[in-house]
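Visitor: Here's a structure for you.
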């Protein structure tokens, strides 16, 4: 989560030699790739969660509508489920550029061909690279030098010839770069529609380490379980700590990373409680509840107050000011903590929003995004994807499967 779904989850963790606390990301170096990551949300600028004490009920089970507009009642499965997030840039992200220590001294292969922090390496020696393992394998097996390397920066593609250098200690050929495969962390699943489109997080994810922003579009979400809470304090945001098993199957595929959250295709059966999505302008100051997970895998409801509703003509991640009033939640977390982003907020039997930010100087308060904006975005992502498939009339069915 930035600073200013009921569903039970089972996760079989496989922990490597050491748990890793990381910055909004599953960070991999050029030397190490771990399949199980311990994520501390206090170091994450994009993952957040919440929960309530009394669970509201609906007296009927409506049919979920798959179309959203301002004059229709639309029902979705709310979640509050904690999720692990991994967003990619369709290549290897450069987080640092440095020297390779060779028998002849320090050399700078990457720097010498113009590679800088924030670049995305797309291919080397004509082979696409999406994992550090792939890159190391190519460098270890090639018998020619220099190699063609293709990388991107700010939407521009660069094609260069690079000469890997042999490390005098390991004997491995290296490029002189520190890399990671994706940007990630923990957050909260907000809702899933009839069409199995999911909405999560409530705000955009960027990577402060590499400076990447618009390049981060696709990726996956995973089941996770909250292991620990670091309580928030005045001047210091708290956070949720969870394990993310990268060897497990993802529960969703991210298709969009936009200002008001993450959106994509949910791969499992949605079974969270049904709530009507509030119309724009329906949220009012007063009592509400937030559905979140601050322990284990099961979301709970906790009491909050809507302090202020901000009128917005365009989608934004700061549509409401909320105050945590639930004594149990305050005792556990100190208020809103990082990792709660995306936690659904319910008022008068309707889904009105999702948590997005915490106030650093008052962790009991924070911002929320309007749920209707999130629903509209989920619909837009589905429509855009269907249009892309619909334009492939001249392509055989196997090709369409690849696109979908």
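Numbering (the numbering used here), first residue to last: 774 to 1177.
Just so you know, even glycine gets a beta-carbon here, dropped at the ideal spot from N, CA and C.
Computed from a predicted model, the values in this text were never measured in an experiment.
I'd like the list of long-range same chain contacts for residue 899, defined as Cβ closer than 8 Å, with 5 residues on each side in sequence excluded.
Guide: Position 126 of the chain shown holds residue 899. Once the five neighbours on either side are set aside, the close Cβ partners of residue 899 are 921.
Visitor: Pop quiz: residue 1036 and residue 970 are said to be a contact at Cβ under 8 Å. What is the actual Cβ separation, rounded to whole angstroms?
Guide: If you number the chain shown from 1, residue 1036 lands on position 263. If you number the chain shown from 1, residue 970 lands on position 197. At roughly 7 Å, the Cβ-Cβ gap stays under 8 Å, so residue 1036 and residue 970 are in contact.
Visitor: Skipping 5 residues on each side, what residues in its chain have a beta carbon closer than 6 Å to that of residue 1131?
Guide: Along the chain shown, read from residue 1 onward, the residue named residue 1131 stands at position 358. If we look at residue 1131 and ignore the five residues flanking it on each side, its Cβ neighbours are 1010, 1109 and 1139.
Visitor: Let me check one thing: in DSSP terms, what residues is residue 874 bridge-paired to?
Guide: Translated into positions along the chain shown, residue 874 becomes position 101. DSSP output for residue 874 lists 879 as bridge partner(s).
Visitor: Pairing CB atoms from the segment 927-944 with CB atoms from the segment 871-888, are three or more of them under 8 Å?
Guide: Touching, yes.
Visitor: DSSP three-state label for residue 914, please.
Guide: One-based indexing of the chain shown puts residue 914 at position 141. Helix at residue 914.
Visitor: Quick one: is residue 1005 buried, meaning 16 or more other Cβ sit within 10 Å of its Cβ, or exposed?
Guide: Within the chain shown, the letter at position 232 stands for residue 1005. With 16 or more Cβ atoms within 10 Å of its Cβ, residue 1005 is classed as buried.
Visitor: What is the rounded straight-line gap between the Cα of residue 1076 and the Cα of residue 1106?
Guide: For the purposes of this step, residue 1076 is taken as residue 303 along the chain shown, with counting starting at 1. For the purposes of this step, residue 1106 is taken as residue 333 along the chain shown, with counting starting at 1. Between residue 1076 and residue 1106, the C-alpha separation is close to 13 Å.
Visitor: Would residue 957 pass as a contact of residue 1025 if the rule is Cβ separation under 8 Å?
Guide: Stepping through the chain shown from its first residue, residue 957 is reached at position 184. Stepping through the chain shown from its first residue, residue 1025 is reached at position 252. No, the Cβ-Cβ distance between residue 957 and residue 1025 is not below 8 Å.
Visitor: If you run the structure through DSSP and keep just helix, strand and coil, what is residue 1145?
Guide: For this step, residue 1145 is matched to residue 372 along the chain shown. Correct three-state label for residue 1145: helix.
Visitor: Need the endpoints of the alpha helix (DSSP H) that residue 1106 sits in, please.
Guide: Sequence index remark: in the chain shown, residue 1106 carries index 333 (1-based). Start and end: 1100-1106.
Visitor: Among residues of its own chain, excluding the 5 on either side of residue 1051, which ones have a beta-carbon nearer than 7 Å to its beta-carbon?
Guide: Position 278 of the chain shown, counted from the first residue, corresponds to residue 1051. Cβ neighbours of residue 1051 beyond the five flanking positions: 1123, 1124, 1125, 1144 and 1145.
Visitor: Taking the beta carbon of residue 1060 as the centre, do at least 16 other beta carbons fall within 10 Å, making it buried, or is it exposed?
Guide: On the chain shown, residue 1060 is found 287 positions in, with the first residue counted as 1. Exposed, by the Cβ-count rule.
Visitor: On the three-state DSSP scale, how would you describe residue 999?
Guide: For the purposes of this step, residue 999 is taken as residue 226 along the chain shown, with counting starting at 1. Three-state result, residue 999: strand.
Visitor: Straight-line CA distance for residue 961 to residue 884?
Guide: Stepping through the chain shown from its first residue, residue 961 is reached at position 188. Stepping through the chain shown from its first residue, residue 884 is reached at position 111. Cα-Cα distance, rounded: 39 Å.
Visitor: Which residue comes first and which comes last in the beta strand (DSSP E) that contains residue 850?
Guide: Here residue 850 refers to the residue found at position 77 when the chain shown is read from its first residue. Looking at the DSSP string, the run of the beta strand (DSSP E) that includes residue 850 is 848-861.
Visitor: Hey, is the segment 849-867 in contact with the segment 902-916, meaning 3+ C-beta pairs nearer than 8 Å?
Guide: With a cut-off of 8 Å, the segment 902-916 and the segment 849-867 count as touching, because enough Cβ pairs lie within range.
Visitor: For residue 892, collect the residues of the same chain with a Cβ closer than 6 Å to its Cβ; drop the 5 residues on either side in sequence, then sort them by chain order.
Guide: Counting from 1 along the chain shown, the entry for residue 892 is found at position 119. Correct list, in chain order: 867, 924 and 926.
Visitor: Expressed to the nearest angstrom, what Euclidean distance is found between the alpha-carbon atoms of residue 1093 and residue 1017?
Guide: Taking the chain shown and counting its residues from 1, the one referred to as residue 1093 is at position 320. Taking the chain shown and counting its residues from 1, the one referred to as residue 1017 is at position 244. One C-alpha to the other measures close to 30 Å.
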